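Our numbering puts the first residue of the sequence shown at 5, with every later residue one more than the last. Backbone N, C-alpha and C define an ideal beta-carbon position, used for all residues, glycine too. All values reported here derive from a predicted model rather than from experimental measurement. Accompanying notes for the structure given below.
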Amino acid sequence: MSNIQEQIEQEREQARAVCDIKGETSGDCAAAWDAVEELQAEAAHKRQVKPKNSLEQYCDDNPDAAECRLYEE
């Protein structure tokens with residue numbers, strides 16, 4: 005998770021630099037901040053993913069096990 009946080013910080017610094025050079029109303033500035041927002045959204049999405057419990061992990065490794073069978077009605 006810290007890797008994506010580092011990427012966000014790098015993109016923020018780059019966005020600030022681009023906006024200082026090109027101006028805050030430039031398309032390049034907007035695109036740079038869009039990249040920051042996309043990384044922040046990805047980080048938020050990763051935080052929402054529920055970790056698998058031990059049975060789910062076991063069934064991923066052993067899908068044919070009796071404990072992992074799914075029955076349809």
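Query                                                                                                                                                                              : Result
Leaving out five residues on either side along the sequence, give the residues of the same chain with a beta carbon under 7 Å from the beta carbon of residue 110.                 : Since the displayed the chain opens at 5 and closes at 77, residue 110 lies outside it and no answer follows.
Starting from residue 40, trace the alpha helix (DSSP H) in both directions and tell me its first and last residue.                                                                : 31-52
DSSP state of residue 59, grouped into three classes?                                                                                                                              : helix
Spatial neighbours of residue 5 within its chain, please: CB distance less than 6 Å, with the 5 preceding and 5 following residues excluded, ordered by chain position.            : In this predicted model, residue 5 has a pLDDT of only 49, less than 50, meaning its place in the structure is not dependable enough to derive any value.
Tell me the DSSP secondary structure of residue 69 in three-state form.                                                                                                            : coil
Buried or exposed: where does residue 69 fall if 16 or more other Cβ atoms within 10 Å of its Cβ makes it buried?                                                                  : exposed
Give me, in chain order, the residues of the same chain whose beta-carbon lies closer than 6 Å to that of residue 32; leave out the 5 immediate sequence neighbours on both sides. : 22 and 26
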